[in-house]
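Have a look at the structure below before the remarks.
In our numbering, the protein residues as written are 1 to 381.
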């Protein structure tokens, strides 16, 4: 039987529990009429919850009437009340403006619109800008860091309220995750091969885009090259129980997008820069310990010692939606995929079909012998 390539055991899209189970963020009226926020979610390349949030950043605008030359009302404009202002969490779990600032509710019926986010612009590495008419904001040309350990969980929320309606009850401000969380796991139930893993790659997704706070949508920047995200983990011997291979950096927080899979047969070098997953693996025979991959004969071509570990890959397709966690379980039970696009010999099947023999036995050919041997002789001539 031919060995099948490494395949995805499962791909799960799971809405992050912290979005729905934690308390929503609210605005309340303090005794001094200063606007403050309660509860929230935070940063880093792990799931964000109310418990690990330290600060949020808020912009507020309100509608302001305009008058013409005759002194009559001519319309409305959006006026900026405060801009990208930091609110820190206090001992009472409420968030108040940092550095001793206070922002009070305005007239009783004056509506204020809030645009909130976390983490900071500095942590995001991109600018958050108001639109020319102050009607909303954009996160401009955000680039997901290549180092998974530097990636953040970007969250946002929009809301509006007035002093009459919300001074007592508060304004509910519910945050949503705006990136896609990606986790790679691996397993094997093979009796023939032993797999040891020390790393993983998420190959060639798009990494840059602009986020609109009004529509809550991304516009991807197609002008930039795609990126390979790499993580390291402690040496892990695969078993029938799937185990995360993301290492100490945690799961990746990547740009929502639709992926085009790498054509490993027709484009082994991946000139098209399309998506794939790779595992840094050592494969040996379980019965005798002989190394199967990296290939034993590669030293003949590279004139270097045979590597202990090599990348085993599989093309990746599908759509990543914002606010969802995708768990890819790479199952090595029946195969190990193909060599990585960056391998000296990319796109080659790592474990081929089992060794087979064709057997033919020639018929006996009879010959006549006229010799008679004397068994008492010292030797036979």
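Cβ coordinates follow ideal geometry from the N, Cα and C atoms, glycine included.
Its Cα nearest to that of residue 84, the residue 57 stands out among 101, 97, 57, 104. As the crow flies, the alpha-carbon of residue 77 is around 33 Å from that of residue 143. For residue 316, there is no enclosing beta strand (DSSP E), as DSSP marks it with neither H nor E. When secondary structure is reduced to three states using DSSP, residue 107 falls in the coil class, being assigned neither helix nor strand. Taken through DSSP and simplified to helix, strand or coil, residue 143 comes out as strand. Burial is judged here by how many other beta carbons sit within 10 angstroms of a residue's own beta carbon; residue 285 has fewer than 16 and is exposed. Assignment of beta-bridge partners to residue 294 by DSSP yields no partner. Contact annotation: the region 183-195 does not touch the region 203-217, with fewer than three C-beta pairs closer than 8 Å.
Between residue 251 and residue 182, the CB-CB gap stays under 8 Å. Residue 205 counts as buried, since no fewer than 16 other beta carbons sit within 10 angstroms of its beta carbon.
Looking at the backbone, the Cα of residue 347 and that of residue 290 are separated by about 23 Å. For residue 283, the pairing in a beta bridge is given by DSSP as 195, 293.
Under the three-state reduction of DSSP, residue 150 is assigned to helix. Taking 8 Å as the upper bound for CB-CB distance, residue 265 and residue 235 are not in contact here, some 32 Å apart. The three-state secondary structure of residue 179, taken from DSSP, is coil. Distance check between residue 326 and each of 221, 100, 316, 343 places 316 closest, using alpha-carbon atoms only. Residue environment for residue 224: exposed (fewer than 16 other C-beta atoms within 10 angstroms of its C-beta). Beta-carbon to beta-carbon, residue 163 and residue 108 are separated by about 5 Å, close enough to satisfy the 8 Å threshold. Across the structure, residue 257 and residue 321 are spaced so that their CA atoms are roughly 7 Å apart. Contact annotation: the region 146-164 touches the region 111-122, with at least three C-beta pairs closer than 8 Å. According to the DSSP assignment, residue 257 belongs to no alpha helix (DSSP H) but to the beta strand (DSSP E) extending over 257-259. The continuous stretches of beta strand (DSSP E) do not include residue 362, and DSSP gives it neither H nor E. DSSP places residue 273 outside both helix and strand once states are collapsed to three, so it counts as coil. Taking residue 335 as reference, the option from 362, 134, 279 with the minimal CA-CA separation is 279. Shown here for residue 270: same chain residues with a beta carbon closer than 6 Å to its own, the five before and five after excluded, namely 262, 341 in chain order.
Annotation: residue 141 to residue 255 spans about 12 Å, alpha carbon to alpha carbon. In the three-state DSSP reduction, residue 201 falls in the strand class (E or B). In the three-state reduction of the DSSP assignment, residue 124 falls in the helix class. The beta carbon of residue 333 lies closer than 8 Å to those of 187, 188, 189, 190 in the same chain, with the five residues before and after it left out.
Under the three-state reduction of DSSP output, residue 51 falls in the helix class.
Between residue 233 and residue 209 the beta-carbon gap is near 28 Å, outside 8 Å, which marks them as no contact. It is roughly 6 Å from the alpha-carbon of residue 136 to the alpha-carbon of residue 130. Residues 53, 54, 55, 95 of the same chain have their beta carbon placed closer than 7 Å to that of residue 89, with the five preceding and five following residues left out of the count. In this chain, residue 165 is not harboured by any beta strand (DSSP E); it is covered by the alpha helix (DSSP H) spanning 163-166.
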